[in-house]
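Undergrad: In terms of the numbering used here, the sequence shown is residues 1 to 456. Got a structure for you, questions after.
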Amino acid sequence: MSSSPRRSDGRPRAPWPKTLRGKLIAGQVAVLLALSVGTGAVAVPALHGFLTHDLDRQVREMVQPAVGQRARGINARVTEGGVEGTIELPGTRTLPMTDHERRQLTGLGPGDHTVDMGDKGTFRVNVGPAQIKGLPSGPVDDVVWRMVWLLVALTAAGVAAAALAGQRIVRRALVPLDRVAATAARVAELPLHSGEVALAERVPETDPDTEVGKVGLAFNRMLGHVGAALKARHDSETRVRRFVADASHELRTPLAAIRGYAELTRRSGEELSPRVAHAMSRVESEAVRMTSLVEDMLLLARLDDGRPLERAEVDLTRLVLDVVGDARISSADHSWKIAVPDEPVTVIGDVQRLHQVLGNLLSNARTHTPPGTTVTTGLSVHNGQVELTVTDDGPGIPEGLKVFERFARGDSSRSRAAGSTGLGLSIVAAVVGAHDGEVSVQSVPGQTTFTVSLRG
Numbered sequence: 001m002s003s004s005p006r007r008s009d010g011r012p013r014a015p016w017p018k019t020l021r022g023k024l025i026a027g028q029v030a031v032l033l034a035l036s037v038g039t040g041a042v043a044v045p046a047l048h049g050f051l052t053h054d055l056d057r058q059v060r061e062m063v064q065p066a067v068g069q070r071a072r073g074i075n076a077r078v079t080e081g082g083v084e085g086t087i088e089l090p091g092t093r094t095l096p097m098t099d100h101e102r103r104q105l106t107g108l109g110p111g112d113h114t115v116d117m118g119d120k121g122t123f124r125v126n127v128g129p130a131q132i133k134g135l136p137s138g139p140v141d142d143v144v145w146r147m148v149w150l151l152v153a154l155t156a157a158g159v160a161a162a163a164l165a166g167q168r169i170v171r172r173a174l175v176p177l178d179r180v181a182a183t184a185a186r187v188a189e190l191p192l193h194s195g196e197v198a199l200a201e202r203v204p205e206t207d208p209d210t211e212v213g214k215v216g217l218a219f220n221r222m223l224g225h226v227g228a229a230l231k232a233r234h235d236s237e238t239r240v241r242r243f244v245a246d247a248s249h250e251l252r253t254p255l256a257a258i259r260g261y262a263e264l265t266r267r268s269g270e271e272l273s274p275r276v277a278h279a280m281s282r283v284e285s286e287a288v289r290m291t292s293l294v295e296d297m298l299l300l301a302r303l304d305d306g307r308p309l310e311r312a313e314v315d316l317t318r319l320v321l322d323v324v325g326d327a328r329i330s331s332a333d334h335s336w337k338i339a340v341p342d343e344p345v346t347v348i349g350d351v352q353r354l355h356q357v358l359g360n361l362l363s364n365a366r367t368h369t370p371p372g373t374t375v376t377t378g379l380s381v382h383n384g385q386v387e388l389t390v391t392d393d394g395p396g397i398p399e400g401l402k403v404f405e406r407f408a409r410g411d412s413s414r415s416r417a418a419g420s421t422g423l424g425l426s427i428v429a430a431v432v433g434a435h436d437g438e439v440s441v442q443s444v445p446g447q448t449t450f451t452v453s454l455r456g
């Protein structure tokens with residue numbers, strides 16, 4: 001359940017537009033409303049004071065009516081017994097004052113006063129030495145209230161007109177800023193993380209003397225710098241990738257020769273000293289390891305270069321059974337389990353590369369977990385997506401380790417009985433990506449799960 005934003009004192013904060021367009025229009029309307037209210041707050045009291053002053057003048061100029069003439073408003077005499085007089089309202093006959101009305105006039109000091117005469121309304125009276133004169137103040141109040149309602153109507157109409165006109169004016173003024181936002185949105189959708197990027201998007205030219213025009217020009221300069229940096233990055237990556245591919249290709253021949261000579265020496269039958277025999281066995285094992293590393297680097301370079309993979313139907317169920325079977329034979333000190341559906345699960349892909357993906361995941365589990373660890377390979381299908389999982393109950397992955405980066409290495413908490421180049425999982429990520437799939441990992445002490453998602 002959402003709640004409205006609150007101020008520091010705990011009271012709800014008044015809603016306010018979040019967009020620049022809304023803030024400008026709201027600010028314009030707020031200024032106009034404040035000016036209108038301020039004008040009314042000054043004009044209405046001033047009008048009331050002016051009309052009251054004019055009414056007081058009329059009261060003071062009133063004269064005693066002649067015999068046979070009718071009085072206007074209040075005409076009273078001040079006697080020793082109190083106040084005596086009459087009241088005439090427009091359209092009525094002259095009426096004597098009631099006790100309540102006499103009491104209202106009794107005790108007033110000399111000068112002008114406003115007196116409430118009950119059902120006859122409010123009067124403005126002038127108290128003289130022996131006479132009290134007065135006129136109804138209702139006409140003054142009527143004029144003032146008409147002025148108030150006129151100001152309210154004009155303010156409402158002005159605010160509505162200002163909001164409509166301001167919306168159009170602000171919209172036209174912010175069109176260049178909308179173009180900047182649209183250009184930024186198109187740039188944000190470009191794949192800038194890898195490969196050659198043609199950053200041709202630019203903000204249309206605007207008046208550089210305006211604030212929005214300055215933003216557009218600065219944004220275009222930034223895009224130019226970013227485009228140049230992306231091109232330099234791509235050129236550098238291309239050179240490094242070509243160097244790695246060429247170096248890996250050239251290293252295959254001398255490594256094969258080293259392995260051949262080491263194996264030939266071992267098989268020659270000649271008697272070798274223990275130290276020489278050990279040295280030659282180490283040369284051969286390291287040559288094998290170097291060959292594996294070179295092959296992995298060459299594969300990554302080819303995948304980075306976008307080399308196409310084989311596309312054929314692959315029976316993942318059979319692949320899981322074969323690769324896990326090989327793992328049981330090569331590492332009997334681990335417990336290898338399989339959880340696959342009864343029906344065969346197939347995908348379109350490169351069978352050799354998918355074999356390498358699963359092999360690398362099982363090798364990673366074997367290398368980085370202690371003997372006795374249970375490794376379970378699962379296969380499932382959900383909404384057309386095939387999920388291949390490898391789960392172990394080992395010590396888990398160190399926090400913060402990015403396992404899919406090249407040459408990533410964990411700490412001593414994961415057993416390293418056999419050496420690791422740090423390229424196995426990066427190859428998994430590259431091959432799965434080349435199959436338009438995704439690979440992820442979730443790890444806590446006692447359970448680490450690698451998940452490969454492929455299209456069924």
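In this text, a Cβ means the ideal position worked out from N, Cα and C, and glycines have one as well. Note that this is a predicted model, so its numbers are computed, not measured.
For T333, which beta-bridge partners are listed by DSSP?
TA: For clarity, residue 333 is Asp in the given sequence; the question names Thr instead. Answer is none; D333 lacks a bridge partner.
Undergrad: Could you work out which residue in R124, F219, R406 is closest to D112 when comparing CA atoms only?
TA: If we check each option's Cα against that of D112, R124 comes out closest.
Undergrad: Any contact between the region 95-104 and the region 43-52? By contact I mean 3 or more CB pairs, one from each, below 8 Å.
TA: Cβ pair count under 8 Å is below three, so no.
Undergrad: Whole angstroms is fine: what's the gap from P308's alpha carbon to E211's?
TA: Their backbone Cα atoms lie some 49 Å apart in a straight line.
Undergrad: For a quick check, are the C-beta atoms of V441 and F450 less than 7 Å apart?
TA: It is a contact, given that the beta carbons lie within the stated cut-off.
Undergrad: Mind checking F243: buried by the 16 CB within 10 Å criterion, or exposed?
TA: Exposed, since its Cβ has fewer than 16 Cβ neighbours within 10 Å.
Undergrad: Which whole-angstrom value describes the C-beta separation of R259 and A287, a residue pair presumed to lie in contact below a C-beta threshold of 8 Å?
TA: About 4 Å separates the two Cβ atoms, so the contact holds.
Undergrad: Taking the alpha-carbon of G456 as reference, which of A430, H234, A76, N383 has the nearest alpha-carbon?
TA: Of the candidates A430, H234, A76, N383, the one whose C-alpha sits nearest the C-alpha of G456 is N383.
Undergrad: Near Q385, which residues of its chain fall below 6 Å by C-beta distance, leaving aside the five closest residues on each side in sequence?
TA: Answer for Q385: S453, listed in chain order.
Undergrad: Would you please state the rounded distance, in angstroms, between the beta carbons of D350 and T374? I believe it to be under 8 Å.
TA: No, D350 and T374 are not in contact; Cβ-Cβ is about 30 Å, not under 8 Å.
Undergrad: Excluding the 5 residues flanking L33 on each side, which residues of the same chain have their C-beta closer than 8 Å to its C-beta?
TA: These residues qualify, in order along the chain: T155, V159.
Undergrad: Below 8 Å on the Cβ atoms is my contact criterion, and I expect F404 with L425 to pass it. Report the Cβ-Cβ distance as a whole number of Å.
TA: At roughly 5 Å, the Cβ-Cβ gap stays under 8 Å, so F404 and L425 are in contact.
Undergrad: Looking at the structure shown, is D207 part of a helix, part of a strand, or coil, going by DSSP?
TA: Three-state result, D207: coil.
Undergrad: Sorted by chain position, which residues of the same chain lie with C-beta nearer than 8 Å to D56's C-beta, five sequence neighbours on each side aside?
TA: Cβ within range, chain order: D112, R124, N126.
Undergrad: With DSSP as the reference, label A434 as helix, strand or coil.
TA: Of the three classes helix, strand and coil, the one that applies to A434 here is helix, per DSSP.
Undergrad: Would you check if the region 281-301 and the region 245-256 touch, i.e. whether three or more CB-CB distances between them fall below 8 Å?
TA: Segments in contact, yes.
Undergrad: State the Cα-Cα distance for the pair I74 and A41, rounded to the nearest angstrom.
TA: Their Cα atoms are separated by approximately 32 Å.
Undergrad: Express the C-alpha separation of S331 and L264 in angstroms, rounding to a whole number.
TA: Approximately 28 Å, taken between the alpha carbons.
Undergrad: At which residue ranges does the region 327-373 contain complete beta strand (DSSP E) runs of 3 or more residues, listed in the order of the chain?
TA: Qualifying beta strand (DSSP E) stretches, in chain order: 335-339, 346-349.
Undergrad: Would the beta-carbon of G82 fall within 7 Å of that of T106?
TA: Going by C-beta atoms, G82 is nearer than 7 Å to T106.
Undergrad: Using the DSSP secondary-structure output, state which residues sit across from G82 in a beta bridge.
TA: Paired residues: T79.
Undergrad: Please return the same chain residues whose Cβ sits closer than 6 Å to the Cβ of D116, not counting the five positions on each side in sequence.
TA: Hits under 6 Å: T122.
Undergrad: Would you mind listing the alpha helix (DSSP H) stretches within the region 132-205 that are 4+ residues and don't spill past its ends, in chain order?
TA: Runs of the alpha helix (DSSP H) inside the region 132-205: 138-173, 175-188.
Undergrad: Mind reading off the beta-carbon distance from L316 to L379? Whole number of angstroms is fine, and I expect it under 8 Å.
TA: Sure, about 6 Å apart at Cβ, within 8 Å.
Undergrad: Along the chain, where does the beta strand (DSSP E) that runs through F450 open and close?
TA: Segment 447-455, the beta strand (DSSP E) holding F450.
Undergrad: Please name the residue, chosen from G446, P110, N360, T377, that lies closest to A430 on a Cα-to-Cα basis.
TA: With distances taken between Cα atoms, A430 lies closest to N360.
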